[in-house]
Amino acid sequence: MIGVVGAGIGGLSAAIECALNGLEVTVFEAREAAGGKACPIVHQGYTLDPGPSIVILPEIYTDLIQRAGFKPETYLDFIRLETITRIFNQSASKEREPEVFDLPADHSKLLDLARDINPRDATHLEELMAKLNKWAPYIKSKFLLQPVESPLALLDWKLLQFGRELQLGKEFKQIVDGMFQSDVFRALFYGFPSYSGLSYRTKSPSPWFIPYFMLQQGVYVSQGGVASIPNALFQVAQELGVRFEFQNEVVGVASSGSNIVSLQTAQSGMVKVEGVICNQDRGSFAKLLKRNKSSKPSMSYLTLHLGIRNPSFDFATHNLFISSDYKDGFRNLYELQTEANWAVMYLNAPHLDNPECSPEGTGQYFFVSPCPAQMPSFDQKKAEETLLETVESRLHRFHIPLDLDRIEVEIKQSPLVFAERDGNEFGSLFGVHESERVMGMLPGNRDQWIKNLFYVGASVQPGAGMPMACLSGQHGATGLLEQLKG
Ligand SMILES: Cc1cc2nc3c(=O)[nH]c(=O)nc-3n(C[C@H](O)[C@H](O)[C@H](O)COP(=O)(O)OP(=O)(O)OC[C@H]3O[C@@H](n4cnc5c(N)ncnc54)[C@H](O)[C@@H]3O)c2cc1C
Numbered sequence: 021m022i023g024v025v026g027a028g029i030g031g032l033s034a035a036i037e038c039a040l041n042g043l044e045v046t047v048f049e050a051r052e053a054a055g056g057k058a059c060p061i062v063h064q065g066y067t068l069d070p071g072p073s074i075v076i077l078p079e080i081y082t083d084l085i086q087r088a089g090f091k092p093e094t095y096l097d098f099i100r101l102e103t104i105t106r107i108f109n110q111s112a113s114k115e116r117e118p119e120v121f122d123l124p125a126d127h128s129k130l131l132d133l134a135r136d137i138n139p140r141d142a143t144h145l146e147e148l149m150a151k152l153n154k155w156a157p158y159i160k161s162k163f164l165l166q167p168v169e170s171p172l173a174l175l176d177w178k179l180l181q182f183g184r185e186l187q188l189g190k191e192f193k194q195i196v197d198g199m200f201q202s203d204v205f206r207a208l209f210y211g212f213p214s215y216s217g218l219s220y221r222t223k224s225p226s227p228w229f230i231p232y233f234m235l236q237q238g239v240y241v242s243q244g245g246v247a248s249i250p251n252a253l254f255q256v257a258q259e260l261g262v263r264f265e266f267q268n269e270v271v272g273v274a275s276s277g278s279n280i281v282s283l284q285t286a287q288s289g290m291v292k293v294e295g296v297i298c299n300q301d302r303g304s305f306a307k308l309l310k311r312n313k314s315s316k317p318s319m320s321y322l323t324l325h326l327g328i329r330n331p332s333f334d335f336a337t338h339n340l341f342i343s344s345d346y347k348d349g350f351r352n353l354y355e356l357q358t359e360a361n362w363a364v365m366y367l368n369a370p371h372l373d374n375p376e377c378s379p380e381g382t383g384q385y386f387f388v389s390p391c392p393a394q395m396p397s398f399d400q401k402k403a404e405e406t407l408l409e410t411v412e413s414r415l416h417r418f419h420i421p422l423d424l425d426r427i428e429v430e431i432k433q434s435p436l437v438f439a440e441r442d443g444n445e446f447g448s449l450f451g452v453h454e455s456e457r458v459m460g461m462l463p464g465n466r467d468q469w470i471k472n473l474f475y476v477g478a479s480v481q482p483g484a485g486m487p488m489a490c491l492s493g494q495h496g497a498t499g500l501l502e503q504l505k506g
């Protein structure tokens with residue numbers, strides 16, 4: 021039997037892949053339901069998606085469901101949004117009226133908008149998209165669709181050519197500054213390294229992937245909310261005969277030689293296994309393996325979820341607020357690692373596409389900001405205590421009132437929540453810090469010493485985000501299958 025530790029997106033997709041290959045699979049999940057950080061929170065009539073909200077690359081999930089022999093449309097229905105994000109821009113000056121415009125998913129409309137912002141930036145954006153278009157099949161096949169055991173294994177003349185064309189010898193910020201003069205494009209692009217737990221000083225190719233997929237393919241909503249994605253994978257896994265044991269945390273392992281032979285679980289005691297797929301963060305699982313491993317955490321998130329009566333403001337599904345102090349915000353986040361970057365604040369309004377997520381006459385505002393993980397330099401407690409105040413004052417800069425009397429639900433998440441609830445070491449959502457990576461890339465799926473242990477999820481290759489976690493599940497399962505076949 022294969023034991024899967026955790027039913028996040030990575031664990032679910034690994035369980036499907038193992039079952040498809042005829043293996044008996046049991047998933048042990050500490051919580052009461054599947055989905056991990058994409059698992060909904062139901063509170064006072066609101067169904068909140070507390071983690072992911074931006075859906076890209078839906079074909080990753082539909083391909084997996086199809087390969088499992090099911091019709092994707094039975095489980096999932098994706099709609100492409102016309103607007104990638106609404107931008108509220110106050111970057112020019114605090115005194116100037118903020119501008120509001122939509123970043124369109126349509127390519128030519130996007131370039132028209134870019135021309136209005138800055139004609140030189142539009143030319144560079146077009147050149148960048150053309151380069152990324154040319155390299156997309158290579159990026160997909162080399163970095164996403166196959167496991168990357170070691171970044172050094174990628175080193176071939178094509179990667180060098182790709183690196184030269186994208187100027188990867190330079191820091192991400194230097195490249196962005198060279199390409200774009202406008203604050204809007206700079207602020208937009210400076211944010212992307214944080215999606216992979218990197219800083220804008222990185223020289224890694226990783227931060228280019230997400231903006232490429234977002235700008236090229238657009239963003240989607242999943243009918244029924246983001247939680248419909250793990251729900252679909254959970255249903256498919258069950259149909260394939262995968263067993264789930266909820267509220268049954270894995271608390272230890274027993275090994276023989278260089279293999280794990282049993283998992284120690286909170287409810288069912290010792291359970292014999294032939295192989296293990298671990299959806300828990302590598303660093304946290306190291307404690308179960310009794311390894312003394314100390315690593316520096318990458319980044320995390322601070323979030324504020326508000327359930328609001330009569331939400332009347334004209335937001336889009338995704339909204340980005342760029343304040344005049346955005347450069348300081350990124351410096352504090354990336355270089356000093358002292359603060360969440362509320363100077364570029366993200367707001368998701370899920371009730372606009374999914375009215376069932378909130379009681380009638382109400383809606384949800386979900387504010388997210390990247391922040392350092394649990395580190396001495398970051399006063400997480402203070403940041404948490406002042407969260408509502410911070411968000412309110414940021415909105416105020418854009419002349420958007422937040423009527424506190426209309427708030428029915430207020431839920432905060434911090435690195436501490438991600439550490440305690442989801443098992444992420446130091447609350448880091450992206451595994452180890454950039455300084456412990458090669459070319460900014462996360463470690464591969466394989467454990468260094470234990471042969472039948474493979475990791476999946478956001479803290480291993482190909483990286484954070486639901487589609488990547490889903491792919492990592494497939495890579496981890498394939499690796500384990502090959503290992504078991506000997
Ligand atoms: C605020 C926020 C915003 C995000 N925004 C986006 C976005 O817009 N788009 C996007 O694609 N992604 C986004 N992400 C990232 C995305 O949520 C994650 O990359 C993805 O969900 C991680 O999946 P995972 O497989 O790593 O598992 P996780 O979601 O981390 O799940 C791990 C599971 O393992 C269980 N577990 C851990 N240890 C044990 C144990 N010892 N025994 C049993 N069970 C255990 C946990 O309970 C959990 O259910 C966001 C994340 C957050 C937090």
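In our numbering, the protein residues as written are 21 to 506. For glycine and all other residues, C-beta sits at the position ideal for the given N, C-alpha and C.
Heavy atom of ligand 1 within 7 Å of residue i beta-carbon
i	result
Lys57	yes
Tyr321	yes
Ile74	yes
Ile328	no
Val25	yes
Val262	no
Pro487	yes
Asp442	yes
Glu52	no
Ile470	no
Phe48	yes
Gln287	no
Leu68	no
Gln300	yes
Val296	no
Leu449	yes
Gly71	yes
Gly29	The residue you asked about is not Gly; residue 29 is Ile in the sequence shown. Result yes, Cβ under 7 Å from ligand 1.
Gly477	yes
Val120	no
Val293	no
Phe438	yes
Residue i - containing beta strand (DSSP E), residue span
i	result
Cys391	Thr382 to Pro392
Ile22	Ile22 to Val25
Phe474	Leu473 to Tyr475
Ala274	Val270 to Ser276
Buried or exposed by the 16-neighbour rule on C-beta atoms within 10 Å, applied to residue i
i	result
Gly506	exposed
Val25	buried
Ala247	buried
Tyr385	buried
Glu359	buried
Thr406	exposed
Met290	exposed
His127	exposed
His453	buried
Arg106	buried
His495	buried
Tyr321	buried
Ser434	buried
Lys313	exposed
Glu355	exposed
Option nearest residue i by Cα separation, candidates the options
i	options	result
Leu123	Glu115, Glu117, Arg116 and Asp132	Asp132
Tyr346	Asn299, Ser111 and Pro482	Ser111
Leu208	Ser282, Ala363 and Glu355	Ala363
Asn472	Gly55, Asn330, Ser320 and Thr498	Thr498
Arg100	Tyr81, Arg116, Phe90 and Val75	Val75
Pro487	Val296, Gly28 and Arg311	Gly28
Asn279	Thr337, Ile297 and Gln267	Ile297
Asn251	Pro60, Ala484 and Gly477	Pro60
Ser113	Arg87, Ser343 and Gly217	Ser343
Val262	Ala88, Val480, Asp69 and Lys57	Ala88
Ser276	Trp469, Phe121 and Leu40	Trp469
Limits of the alpha helix (DSSP H) - the one that residue i falls within
i	result
Val364	Counting along the chain, Val364 falls outside any alpha helix (DSSP H), though it belongs to the beta strand (DSSP E) covering Val364 to Asn368.
Leu491	Met486 to Lys505
Ile159	Pro139 to Ile159
Ser33	Ile29 to Leu40
Cβ of residue i within 8 Å of any chain B Cβ
i	result
Ala274	Among the chains of the structure shown, chain B does not appear; only one protein chain is present.
beta-carbon residue i near ligand 3 non-hydrogen atom, thresh 7 Å
i	result
Ala484	For the structure depicted, ligand 3 is absent and the ligand set comprises only ligand 1.
What residue ranges within the segment 69-110 form continuous alpha helix (DSSP H) runs of no fewer than 4 residues, ordered along the chain? 79-87 and 92-95
Please give me, in chain order, every unbroken run of the alpha helix (DSSP H) with length at least 4 that falls completely inside the segment 199-263. 203-210, 229-237 and 248-259
Of all the beta strand (DSSP E) runs that stay within the bounds of the segment 407-468, which reach a length of 3 or more residues? 427-433
Fully enclosed by the segment 287-371, which beta strand (DSSP E) runs are 3 residues long or longer? 289-292, 295-298, 319-329, 338-342 and 364-368
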